[in-house]
Amino acid sequence: MENKMIESHRSFFETQKTKSIKFRKEALIRLKKEIVKSEDEISNALYQDFKKPRFESLATETQFVLSELQYVINKIDLWSKPERTSSNLVNFPSSSYIHSEPYGNVLIISPWNYPFLLSMSPLIGAITAGNTVVLKPSELTAKTSGIIAKIIKNVFEEDYVTVVEGGVKESQELLKQKWNYIFFTGSSRVGKIVYKSAAEHLTPVTLELSGKNPCIVDDTANIKLAAKRIVWGKFLNAGQTCIASDYILVHKNVKSKFIAALKENIIKSFGENIQNSKDFARICTSNHYTRLKEMLTGENVIFGGDFNDSERYISPTLVDSPSMHSKVMEDEIFGPILPILAYENELDLDKYISKYGKSLALYVFSTNKKFQKRLLNKYSFGGGVINDTVMQITNKKIPFGGVGNSGNGGYHGKHSFDLFSHKKSILKRANWLDVPLRYPPYKIPIQWVKKMKHLF
Ligand code: NAD
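Read in order, the letters of the sequence shown are residues 3 to 458 in the working numbering.
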């Protein structure tokens with residue numbers, strides 16, 4: 003089945019229809035209209051999948067996607083023009099251009115945690131750049147995947163954009179095919195499988211993976227504001243956010259004040275009975291629920307730690323000073339559990355941050371500019387924020403993505419257009435002059451050739 007589908011996508015791409023900017027723009031406008039029309043259905047599906055609060059469905063999924071769509075619709079003409087650049091002396095007379103051309107047939111594989119956003123956002127980039135797309139959303143948020151499939155069917159010709167619903171088997175079938183580009187968001191474990199499959203066909207890949215994101219709070223930070231912003235970013239989507247703070251490193255002098263502020267903000271945000279709050283989501287799958295629950299065994303829980311198996315509910319939970327070898331400090335947490343560790347100096351910080359390799363995000367709360375600068379220069383990570391968390395993702399002008407362990411390639415806005423375009427370089431020579439120096443038999447003295455670097 004997949005073979006036939008990719009054949010039809012290939013044929014569609016070969017018709018050259020997607021090379022037309024008008025064609026792409028019209029498709030993007032149709033997509034926007036269909037999403038606006040389906041906004042309630044999308045929110046309902048997200049609620050059924052994991053009780054995603056209505057505010058979060060709008061703010062972090064549909065409105066986010068609509069904003070990206072409007073932005074690319076406004077910019078596509080500008081971005082797709084050949085970019086003229088200067089030529090070098092050795093090519094005189096000539097002009098030079100960079101043409102953005104679509105790769106062709108793109109495969110996008112998405113995770114469950116922001117199932118609408120993380121399917122639509124790369125899809126918008128791939129369409130804007132003129133590719134055809136096969137999208138495989140997550141089987142674990144089946145209701146949302148169903149709505150995505152319906153939207154795509156209503157908007158695009160089947161050979162242009164297709165949704166394949168299903169799980170590991172379907173994903174692996176798709177990965178056996180030859181694509182011109184693969185965009186994967188998910189775990190590092192599956193990222194390796196995707197990378198290996200792509201290597202078989204020398205297909206370029208973007209991997210948007212995971213990491214253990216440190217959040218550092220030093221003794222010059224505005225503690226109350228830091229706690230408020232950290233609580234928001236950590237417990238949004240019940241902690242199932244790839245760029246959420248994974249663990250806190252707080253300076254020992256402000257630790258108790260900071261913990262008090264965290265507790266105060268959790269209660270302010272979700273009330274005393276958090277299970278009844280309409281603003282707090284559930285854990286998406288029972289596997290992840292069990293994994294998170296087991297993480298807390300033997301830990302010093304200083305706030306929360308409440309569960310409800312039938313709802314897959316885990317309350318916002320603070321863990322004090324876990325050991326480096328504990329489960330919470332082993333892998334990415336990806337849930338509403340926040341370990342808090344005290345540090346005394348920058349050597350202590352380094353012990354933790356360096357242990358986990360290149361994270362997807364890093365956050366630093368401090369008013370000490372030299373300290374901020376030292377951290378940003380020293381550590382390699384996907385992206386970050388000074389004095390806030392998660393908000394880097396909202397700025398379309400900065401690329402979103404990981405590095406090393408946490409992935410490769412950045413997208414959003416123009417960065418998505420560039421990511422899904424091959425940059426074809428063209429040099430256009432004029433015929434009215436042809437400097438004879440480069441042609442054999444070589445006549446110019448060797449000492450002149452030794453100075454040739456100035457011509458390149
Ligand atoms: P996952 O890797 O288990 O699944 C992602 C996709 O891969 C799904 O569509 C799934 O069907 C498919 N898949 C699963 N196993 C497969 C296999 N063996 N072969 C081929 N395909 C397979 O990830 P997930 O659990 O859905 O998502 C959570 C993870 O994603 C977290 O680690 C999180 O940090 C990461 N994530 C990263 C970003 C980012 O932008 N960097 C964003 C969201 C989530």
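By construction, the Cβ of each residue, glycine as well, lies at the ideal position given by its N, Cα and C atoms. Source: prediction; values computed, not measured.
Handout entry: Secondary structure, beta strand (DSSP E): runs of 3+ residues fully inside the segment 275-346
Key = 303-305, 319-322, 339-345
Problem - Local Cβ density within 10 Å of Trp434, reported as buried at 16 or more and exposed below that - result: The residue labelled residue 434 in the question sits at position 432 within the sequence shown. Exposed: under 16 other Cβ atoms inside 10 Å.
Handout entry: Residues near Ile304 in its chain [Cβ-Cβ closer than 6 Å; skip 5 each side]
Key = As a position in the sequence shown, residue 304 is number 302, starting the count at 1. Same-chain partners within the cutoff: Leu320, Asp322.
Handout entry: DSSP-derived helix/strand/coil call for Phe66
Key = Taking the sequence shown and counting its residues from 1, the one referred to as residue 66 is at position 64. Here Phe66 sits in helix by DSSP.
Handout entry: Per DSSP, the bridge partner or partners of Thr143
Key = Translated into positions along the sequence shown, residue 143 becomes position 141. Beta-bridge pairing links Thr143 to no other residue.
Handout entry: Cβ contact (3+ pairs, closer than 8 Å) linking the segment 154-172 and the segment 450-458
Key = As far as the Cβ criterion goes, the segment 154-172 does not touch the segment 450-458, which means the pair count is below three.
Problem - contact_flag[the segment 39-48, the segment 80-96] where n(CB pairs < 8 Å) is 3 or more - result: no
Exercise for the section: Measure the Cβ-Cβ separation of Lys21 and Gly132 and say whether it is below 9 Å. Expected result: Locating residue 21 in the sequence shown gives position 19, where the first residue counts as 1. Locating residue 132 in the sequence shown gives position 130, where the first residue counts as 1. Yes. Within cutoff.
Practice task
Buried or exposed for Met297, please, with buried defined as at least 16 other CB atoms from any protein chain shown within 10 angstroms of its CB.
Solution key: Against the sequence shown, residue 297 aligns to sequence position 295. Buried, since its Cβ has 16 or more Cβ neighbours within 10 Å.
Exercise for the section: Report yes if the C-beta of Leu421 is less than 8 Å from at least one heavy atom of ligand 1; otherwise report no. Expected result: Stepping through the sequence shown from its first residue, residue 421 is reached at position 419. False, no ligand heavy atom lies under 8 Å from that Cβ.
Practice task
Report the residue from Asp436, Asp420, Ile448, Gly337 whose alpha carbon sits nearest the alpha carbon of Pro82.
Solution key: The residue you call residue 82 lines up with position 80 of the sequence shown. Sequence check: residue 82 is Ser here, not Pro. When each option's Cα is compared against that of Ser82, the closest is Asp420.
Exercise for the section: Give the DSSP-derived three-state secondary structure of Phe25 in the structure shown. Expected result: For the purposes of this step, residue 25 is taken as the residue at position 23 of the sequence shown. If DSSP states are grouped into helix, strand and coil, Phe25 belongs with the helices.
Problem - Which residues DSSP lists as bridging Pro216, in chain order - result: Mapped onto the sequence shown, residue 216 falls at position 214. Pro216 is bridged to Tyr249.
Problem - Classification of Tyr441 by the beta-carbon crowding that lies within 10 angstroms, buried from 16 upward - result: For this step, residue 441 is matched to residue 439 along the sequence shown. Exposed is the call here.
Exercise for the section: Select from Glu141, Pro438, Val233, Lys171 the residue whose C-alpha is nearest the C-alpha of Pro341. Expected result: Stepping through the sequence shown from its first residue, residue 341 is reached at position 339. In terms of CA proximity to Pro341, Val233 leads the group Glu141, Pro438, Val233, Lys171.
Practice task
Answer yes or no: do Gly193 and Glu334 have a C-beta to C-beta separation smaller than 9 Å?
Solution key: For the purposes of this step, residue 193 is identified with residue 191 of the sequence shown, where counting begins at 1. For the purposes of this step, residue 334 is identified with residue 332 of the sequence shown, where counting begins at 1. It is not a contact, given that the beta carbons lie outside the stated cut-off.
Handout entry: Minimum length 4: unbroken alpha helix (DSSP H) runs contained in the segment 392-431
Key = Assignment of alpha helix (DSSP H) within the segment 392-431, counting only whole runs of 4 or more residues, yields 415-421 in chain order.
Exercise for the section: Check Pro124 in the structure and name its three-state DSSP category. Expected result: Position 122 of the sequence shown holds residue 124. It is helical.
Problem - Nonlocal neighbours in the same chain, by C-beta distance under 6 Å from Thr143, ignoring five residues either side - result: The residue you call residue 143 lines up with position 141 of the sequence shown. Hits under 6 Å: Asp51, Trp114, Pro117.
Practice task
Can you check the segment 38-92 for any alpha helix (DSSP H) of at least 4 residues that lies completely inside it and give the ranges in chain order?
Solution key: 56-59, 65-82
Problem - Three-state secondary structure (DSSP) of Tyr358 - result: Within the sequence shown, the letter at position 356 stands for residue 358. Of the three classes helix, strand and coil, the one that applies to Tyr358 here is coil, per DSSP.
Practice task
State yes or no: is the C-beta of Lys416 nearer than 8 Å to some heavy atom of ligand 1?
Solution key: In the sequence shown, counting from the first residue as 1, residue 416 sits at position 414. No, the beta carbon of Lys416 sits no closer than 8 Å to any heavy atom of ligand 1.
Exercise for the section: Report, in whole angstroms, the separation of the C-beta atoms of Ile195 and Leu109, which I expect to be a contact under 8 Å. Expected result: The residue given as residue 195 occupies position 193 in the sequence shown. The residue given as residue 109 occupies position 107 in the sequence shown. Not confirmed; about 13 Å, so no contact.
Problem - Proximity test, Trp114 beta-carbon vs ligand 1 heavy atom, cut-off 8 Å - result: For the purposes of this step, residue 114 is taken as the residue at position 112 of the sequence shown. Yes, the Cβ of Trp114 comes within 8 Å of a heavy atom of ligand 1.
Exercise for the section: Check whether the Cβ atoms of Tyr242 and Gly337 lie closer than 9 Å to each other. Expected result: For this step, residue 242 is matched to residue 240 along the sequence shown. For this step, residue 337 is matched to residue 335 along the sequence shown. It should be noted that the sequence gives Gln, not Tyr, for residue 242. Cβ atoms of Gln242 and Gly337: closer than 9 Å.
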